[in-house]
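Chemist:
Number of protein chains: 2
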Amino acid sequence: MNSSGQPVYQSVANDIKKMIVKGEINPSDILPSENTLAQSYNTSRVTIRKSLRILEQGGFIYSWPGKGYFVSEPEHDVFTLVFNEEGRAHDIAYKNVTVIIPDPEVQKALNFTAPNKAIKICRVIKQDKQPLAFDVKYLPYDKGTPIIETELNYAVFPEIAAAKSAPFAFYTKMEITAELPDDETANILRCEKKVPLLVVTRRFIDQSGKCIGYGKVSMLPSYGPLKAHSGYHHDKSAL
Amino acid sequence: MNSSGQPVYQSVANDIKKMIVKGEINPSDILPSENTLAQSYNTSRVTIRKSLRILEQGGFIYSWPGKGYFVSEPEHDVFTLVFNEEGRAHDIAYKNVTVIIPDPEVQKALNFTAPNKAIKICRVIKQDKQPLAFDVKYLPYDKGTPIIETELNYAVFPEIAAAKSAPFAFYTKMEITAELPDDETANILRCEKKVPLLVVTRRFIDQSGKCIGYGKVSMLPSYGPLKAHSGYHHDKSAL
DNA sequence: AAGTGGTCTAGACCACTGA
DNA sequence: CAGTGGTCTAGACCACTTG
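Residue numbers (full-length UniProt numbering), protein chains in the order written: chain X, 1 to 239; chain R, 1 to 239.
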C-alpha cells in the first residue's frame, strides 16, 4: 500500500493509463522497461509487472519479449451486449410447452440428422398487460433427462440447458436481425404484420459442438433497443 | 516450464478449468487453498496464484479474502459483438459530405445546447452494385480542428473521432433497433418502405461525457445478421 | 554482450474469516 | 488463534532482440 490507500501496482497502472488516455503516449510508442519503471517508482520488478499486466488485460498495451512494452491500437469495434429475457423484469406468461417434431429449419439448427422430437417452449413477455416480445425455444427431447413442466415456470434457457450438462460446458451464438412477423407472431404480439421486429436468435452449443438449445426472441419496437457498449470507459477518479 | 512445454501456471490453470467445465466442481464449490495447491503441484504459491488469476479473469472462479477461492456462477447473458463498417469488405461509396445544422434529434444526441453546425457524412455500402446499407454520421463542426475531405475517403468513424481527442479517450454506446425506412433511406437503398431494416446507432463519448460523434447504419436484410457470442469457448486441446 | 520480457522461487507482512 | 487470500521483495535463470 502507498499513501493513497491503494496498492502500489494499481497506482502505477493508473499513472501509465492516464498518460495513454490523455494522449501523452500513443499507439506504437514504447514504454520504459520493467527495470527502469521499477527504479522510477522505487518498487520491485514483480510489482511493475503486475501493473503492466493490468494495462495489457485492459487492451492498452502489449508486450514484445526481448523488445519491450508498446501502446496498442485502440479497438473501437468490439462491443459488449447484455441480453436475457428477465433483463427488464417484465411479466412473463407461458403460452405452452409441447413436445413436437420441429420444422426443418429448427431441426437443422439442433443438428438433427433424422426427424426427432423436441421440446418447444413458447412465452410472451408483457408489460402493463401489453405484449412486448414473443419467445420460442427448442430443446432436443431426451428421454434420459426428463424436464418437469413446473420447473419451466421460473427456469430460463441457460439454466435449462445447464441441467443437461455442466454449467460452464457450453457457449452461445447470437444472431440479430430485423424481420416482419409471421401470422402466429403477429397474432400473439397483437400487432400488424408491417411492424418491424427485432429478432434475436440464439444457439446454445456444447463443448462437443452439438447444439443443445435453439431460441428466438421477437421484440416489438416498444420493447426498446438492444444496448451495447465498447471501449475504454475509465473511472473519472483515476484520471 | 514442465514436460509438456507449457508454463506450470498454465497447465495448473487448465487442470482446474477442466474440472470446472466437466462439472466435477460446480458453482459455489470451494477450491483447495493456495498453499494446498502449491504443495499438490509441487510449485510455489506465486505460481499457483498466477493460475488462479487466469481462471478468475476468465470468469470461472472468484476469491474471497480470508476464506478461499470459489467456483463462479456462469454468465450466459454477456455477449461480445464485433461491428464496423468495413467488416465485410464491401464497396463503400460516398454519397456526400456536408456541413449542416442538423435536426433536433441529432442536435440532442450531440449535446448541442444551441443550434450549431455539424459535419454530416453519408455513405452507401454496396456489394455487387447492390446497396446493402446506408450510413450517416454526424460530428460537431469545430473551426479549430478542420477535417479535410480527402481524409474521409478512407477514414472510419473511430478514426475521425480519435482525431478530435486521444485514441483511447472515448468509448462507444450502441443501440440496435428494427425500423422501417424513411423516404430518403428507402430511396438510397432502393427498397420498398415495408422492408424491415436493422439499425445500429452509435454515440462516441468523450472522457468528459461529451458526445463527439453520432452515427446510424441502416442495414437491409441482405446485409445479413449481426453476430455475437457469449460464454466459455474453450480450446478443445485444453480439455 | 547487454538489455528485454517470461517464468519461477522462497520468503515476508498484512487484513480478514471462522472456530 | 490458525488459516486464508492480498501485497510486496530480492533474487534467479531462460529465450529473445539488438547492436
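We put the CB at the ideal spot given by N, CA and C, even for glycine.
What is the DSSP secondary structure of T150 (chain X), counted as helix, strand or coil?
Modeler: Here residue 150 (chain X) refers to the residue found at position 150 of the first sequence. Note that T150 (chain X) has pLDDT 46, beneath the 50 cutoff, so the model's placement of it is unreliable and the number below is only indicative. Helix at T150 (chain X).
Chemist: Just to confirm, are Y141 (chain R) and K117 (chain R) a CB contact at a threshold of 9 Å?
Modeler: The residue labelled residue 141 (chain R) in the question sits at position 141 within the second sequence. The residue labelled residue 117 (chain R) in the question sits at position 117 within the second sequence. Yes, the Cβ-Cβ distance between Y141 (chain R) and K117 (chain R) is below 9 Å.
Chemist: Buried or exposed: R203 (chain X), going by 16 or more other Cβ atoms within 10 Å of its Cβ?
Modeler: Here residue 203 (chain X) refers to the residue found at position 203 of the first sequence. So R203 (chain X) counts as buried.
Chemist: Are three or more beta carbon pairs between the segment 216-228 of chain X and the segment 64-74 of chain X nearer than 8 Å?
Modeler: They do not touch, by the three-pair rule.
Chemist: With a threshold of 9 Å between beta carbons, is Y171 (chain X) in contact with chain R?
Modeler: Translated into the one-based positions of the first sequence, residue 171 (chain X) becomes position 171. So, interface residue.
Chemist: Note down, in chain order, all residues in the segment 61-92 of chain R with a beta-carbon under 7 Å from any beta-carbon belonging to chain X.
Modeler: Those residues of the segment 61-92 of chain R that come within reach of chain X (Cβ to Cβ, closer than 7 Å) are P74, H76, D77, V78, F79, T80, L81, V82, F83, N84.
Chemist: At a Cβ threshold of 9 Å, is N26 (chain X) touching chain R?
Modeler: The residue given as residue 26 (chain X) occupies position 26 in the first sequence. So yes, N26 (chain X) belongs to the interface.
Chemist: Mind pulling the chain R residues with CB within less than 7 Å of Y232 (chain X)?
Modeler: Counting from 1 along the first sequence, the entry for residue 232 (chain X) is found at position 232. Here the neighbours are F168, Y171.
Chemist: Starting from the beta carbon of K137 (chain X), find every residue of chain R whose beta carbon is closer than 8 Å, and list them in chain order.
Modeler: Along the first sequence, read from residue 1 onward, the residue named residue 137 (chain X) stands at position 137. Simply none; closest approach about 13 Å.
Chemist: Y138 (chain X) and G231 (chain R) look like a contact to me (Cβ under 8 Å); what is the Cβ gap, rounded to whole Å?
Modeler: In the first sequence, residue 138 (chain X) corresponds to position 138, counting from 1. In the second sequence, residue 231 (chain R) corresponds to position 231, counting from 1. No, Y138 (chain X) and G231 (chain R) are not in contact; Cβ-Cβ is about 19 Å, not under 8 Å.
Chemist: Using only alpha-carbon positions, find the residue among X:K126, X:V195, X:F83, X:A109 that is nearest to G209 (chain X).
Modeler: Working through the first sequence from its first residue, we reach residue 209 (chain X) at position 209. If we check each option's Cα against that of G209 (chain X), X:A109 comes out closest.
Chemist: Looking at the unbroken beta strand (DSSP E) that takes in V82 (chain R), where does it start and where does it end?
Modeler: Your numbering for residue 82 (chain R) matches position 82 in the second sequence. Element bounds for V82 (chain R): 78-82.
Chemist: At 8 Å on the CB atoms, spell out the chain X contacts of P158 (chain R), in chain order.
Modeler: Numbered from its first residue, the second sequence carries residue 158 (chain R) at position 158. Within chain X, the residues near P158 (chain R) are P74, H76, D77.
Chemist: How should K17 (chain R) be labelled, buried or exposed, when 16 other C-beta atoms within 10 angstroms of its C-beta is the threshold for buried?
Modeler: For this step, residue 17 (chain R) is matched to residue 17 along the second sequence. Burial call: buried.
Chemist: For N42 (chain X), count the other beta carbons within 10 Å of its own beta carbon; 16 or more makes it buried, fewer makes it exposed. Which is it?
Modeler: Position 42 of the first sequence holds residue 42 (chain X). Result: exposed.
Chemist: Rounded to the nearest angstrom, what separates V21 (chain X) and F168 (chain R) at their Cα positions?
Modeler: The residue given as residue 21 (chain X) occupies position 21 in the first sequence. The residue given as residue 168 (chain R) occupies position 168 in the second sequence. Each residue's alpha carbon lies about 5 Å from the other.
Chemist: Among all the DSSP beta bridges, which residues are the ones paired with Y62 (chain X)?
Modeler: Counted from its first residue, the first sequence places residue 62 (chain X) at position 62. BP columns for Y62 (chain X) point to X:F70.
Chemist: Hey, A13 (chain X) and S51 (chain X): beta-carbon distance below 9 Å or not?
Modeler: The count along the first sequence starts at 1 and reaches residue 13 (chain X) at position 13. The count along the first sequence starts at 1 and reaches residue 51 (chain X) at position 51. Yes. Within cutoff.
Chemist: Any idea what DSSP makes of K129 (chain R), helix, strand or coil?
Modeler: Here the question's residue 129 (chain R) lines up with position 129 in the second sequence. Of the three classes helix, strand and coil, the one that applies to K129 (chain R) here is coil, per DSSP.
Chemist: Going by beta carbon distance, what residues of the same chain come within less than 6 Å of I125 (chain X), once the five residues before and after it are set aside?
Modeler: Taking the first residue of the first sequence as 1, we reach residue 125 (chain X) at position 125. So the list reads H90, I92, L132, A133, once near-sequence residues are dropped.
Chemist: What's the call for I25 (chain R), buried or exposed, on a 16-neighbour Cβ count within 10 Å?
Modeler: Taking the second sequence and counting its residues from 1, one reaches residue 25 (chain R) at position 25. Buried, by the Cβ-count rule.
Chemist: Ordered along the chain, which non-local residues of its own chain (more than five positions away) have a Cβ less than 7 Å from that of K193 (chain R)?
Modeler: Within the second sequence, residue 193 (chain R) is the residue found at index 193, counting from 1. So the list reads L180, P181, A186, once near-sequence residues are dropped.
Chemist: Decide if G213 (chain X) is buried, meaning its Cβ has at least 16 other Cβ atoms within 10 Å, or exposed.
Modeler: In the first sequence, the residue the question calls residue 213 (chain X) occupies position 213. Result: buried.
Chemist: Can you tell me which of X:I30, X:V200, X:I119, X:C191 puts its alpha carbon nearest to the alpha carbon of E175 (chain X)?
Modeler: Here the question's residue 175 (chain X) lines up with position 175 in the first sequence. If we check each option's Cα against that of E175 (chain X), X:V200 comes out closest.
Chemist: Less than 9 Å between the C-beta atoms of C122 (chain X) and V136 (chain X), yes or no?
Modeler: Locating residue 122 (chain X) in the first sequence gives position 122, where the first residue counts as 1. Locating residue 136 (chain X) in the first sequence gives position 136, where the first residue counts as 1. Result yes, Cβ atoms of C122 (chain X) and V136 (chain X) sit closer than 9 Å.
Chemist: With DSSP as the reference, label V8 (chain X) as helix, strand or coil.
Modeler: Position 8 of the first sequence holds residue 8 (chain X). The answer is helix: DSSP assigns V8 (chain X) an H, G or I state.
Chemist: Given a threshold of 16 other Cβ atoms within 10 Å of its Cβ, counted over all protein chains shown, does G66 (chain X) qualify as buried or as exposed?
Modeler: Position 66 of the first sequence, counted from the start, is the residue given in the question as residue 66 (chain X). So G66 (chain X) counts as exposed.
Chemist: Is there a Cβ from chain R that is less than 9 Å from the Cβ of P221 (chain X)?
Modeler: Taking the first sequence and counting its residues from 1, the one referred to as residue 221 (chain X) is at position 221. Yes, its Cβ sits closer than 9 Å to a Cβ of chain R.
Chemist: Compare the Cα-Cα distances from D15 (chain X) to each of X:D29, X:L37, X:P27 and report the closest residue.
Modeler: As a working note, residue 15 (chain X) is residue 15 in the first sequence. With distances taken between Cα atoms, D15 (chain X) lies closest to X:L37.
Chemist: Using a Cβ-Cβ cutoff of less than 6 Å, which residues in the same chain neighbour K120 (chain R) once the five nearest sequence positions on both sides are dropped?
Modeler: The count along the second sequence starts at 1 and reaches residue 120 (chain R) at position 120. Counting only Cβ-Cβ distances below 6 Å, and skipping sequence neighbours, we find T98, I100, Y138.
Chemist: Assign I48 (chain R) to one of three DSSP states: helix, strand, or coil.
Modeler: As a position in the second sequence, residue 48 (chain R) is number 48, starting the count at 1. I48 (chain R): helix per DSSP, three-state reduction.
Chemist: Ordered along the chain, which non-local residues of its own chain (more than five positions away) have a Cβ less than 6 Å from that of K227 (chain R)?
Modeler: Mapped onto the second sequence, residue 227 (chain R) falls at position 227. Contacts found: none.
Chemist: At a threshold of 8 Å, does L226 (chain X) count as lining the ligand ATP (C-beta to nearest heavy atom)?
Modeler: As far as ligands go, the structure on display features none, and thus does not contain the ligand ATP.
Chemist: Assuming V78 (chain R) and T80 (chain X) form a contact by the criterion Cβ under 8 Å, report the distance between their Cβ atoms to the nearest whole angstrom.
Modeler: Here residue 78 (chain R) corresponds to residue number 78 of the second sequence, with the count starting at 1. Here residue 80 (chain X) corresponds to residue number 80 of the first sequence, with the count starting at 1. Going by Cβ atoms, the distance from V78 (chain R) to T80 (chain X) rounds to 6 Å, so yes, they are a contact pair.
Chemist: Do you know how far the Cα of N84 (chain R) is from the Cα of S28 (chain X)?
Modeler: Position 28 of the first sequence holds residue 28 (chain X). Position 84 of the second sequence holds residue 84 (chain R). About 22 Å.
Chemist: To the nearest angstrom, how far is the alpha carbon of D206 (chain R) from that of Q57 (chain X)?
Modeler: Reading the second sequence from its first residue, position 206 is the one you call residue 206 (chain R). Reading the first sequence from its first residue, position 57 is the one you call residue 57 (chain X). The straight-line gap from Cα to Cα measures roughly 22 Å.
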